[in-house]
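Trainee:
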Amino acid sequence: MDYTHYKTSPLEEWINEMYFTHSIYTPNDLDIHRIAEVFGGEILYLPTRSHAYWDDDDTGEFLISLDSRLDKPVQRSHFFHELCHPLRHVGNQKVLPKTFRDLQETQASLFQQYAAIPFFMVRELEVPLYEKNIVNYWAHVFNVTVSLALRRYNQIKSRIIQAKNDLKLLSYHRSLYQKADPANRCNEAKEMFRVAIQRKKEKEVVYK
2 MDYTHYKTSP LEEWINEMYF THSIYTPNDL DIHRIAEVFG GEILYLPTRS
52 HAYWDDDDTG EFLISLDSRL DKPVQRSHFF HELCHPLRHV GNQKVLPKTF
102 RDLQETQASL FQQYAAIPFF MVRELEVPLY EKNIVNYWAH VFNVTVSLAL
152 RRYNQIKSRI IQAKNDLKLL SYHRSLYQKA DPANRCNEAK EMFRVAIQRK
202 KEKEVVYK
């Protein structure tokens, strides 16, 4: 996969900056306890559904409870999802309207992909010989679920395709503008006039 045309989003850049600030550069640096500490929180393991707890105050402190019954890749995937809520959201989801809850979950899903499988790390990985092996490779390298790796892969690929299509469309519109440019039309007219005169002279020479 050619990553040349991939463009990061503002949220993605914010996460990357936090990682860079705290020397998180490689998949091996993505220790969830360290990341929780970096952002001002702690992790707790309980035999219950994964969830984040925080207060909307100025402390920025939070607690993420991870389901202790799950395996590590699932726990890590849950962590990066739950991490979004105390960092980017306010309010108790239980009392929010469904539309707001859905919006927050969508945002958390994006955050999860950016934080669990950062593009600046993906870009440095060796690309498997066959593209079909990329998803399993990422799941292994970043120690997350295959489903999360697949969503991130599809997201990156879709963004690259969109960027390429945008460039093609821009190039097409530029070509139309050049054709419609009066200066270009004048040049074309001058060239046609020059060719016509040249042909006329050639005919006159033949008839003489």
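Sequential numbering of the sequence shown, starting at 2, is according to the working numbering. Glycine included, C-beta positions come from ideal geometry on N, C-alpha and C.
#1: Helix, strand or coil, according to DSSP, for I65 in the structure here?
#2: On the three-state DSSP scale, how would you describe H79?
#3: What do you reckon, are the CB atoms on V75 and T146 nearer than 7 angstroms?
#4: Can you have a look at G42 and say buried or exposed, based on whether 16 or more other CB atoms are within 10 angstroms of its CB?
#5: When the Cα atoms are used, what is the spatial distance from L84 to S24?
#6: Between which residues of its own chain and R160 is the CB-CB distance below 7 angstroms, once the five residues before and five after are set aside?
#7: Where does L173 fall in DSSP's three states?
#8: What number of angstroms, rounded off, separates the C-alpha of S148 from the C-alpha of Q114?
#9: Given a cut-off of 7 angstroms on the beta-carbon distance, is the pair P48 and R70 in contact?
#10: Can you find at least 3 beta carbon pairs, one from the stretch 54 to 70 and one from the stretch 29 to 41, that sit closer than 8 angstroms?
#11: Are the CB atoms of P28 and F120 nearer to each other than 7 angstroms?
#12: So, under 8 angstroms CB-CB, D68 and H82 are touching, yes? Tell me the CB distance rounded to an integer number of Å.
#13: With a 10 Å radius around its C-beta and 16 neighbouring C-beta atoms as the bar for buried, classify S176 as buried or exposed.
Mentor: In this structure, then:
#1: strand
#2: helix
#3: yes
#4: buried
#5: 19 angstroms
#6: Y7 and K8
#7: According to the sequence as given, residue 173 is Tyr; it is not Leu. Three-state result, Y173: helix.
#8: 11 angstroms
#9: yes
#10: yes
#11: no
#12: Not really, about 12 angstroms apart at Cβ, beyond 8 angstroms.
#13: exposed
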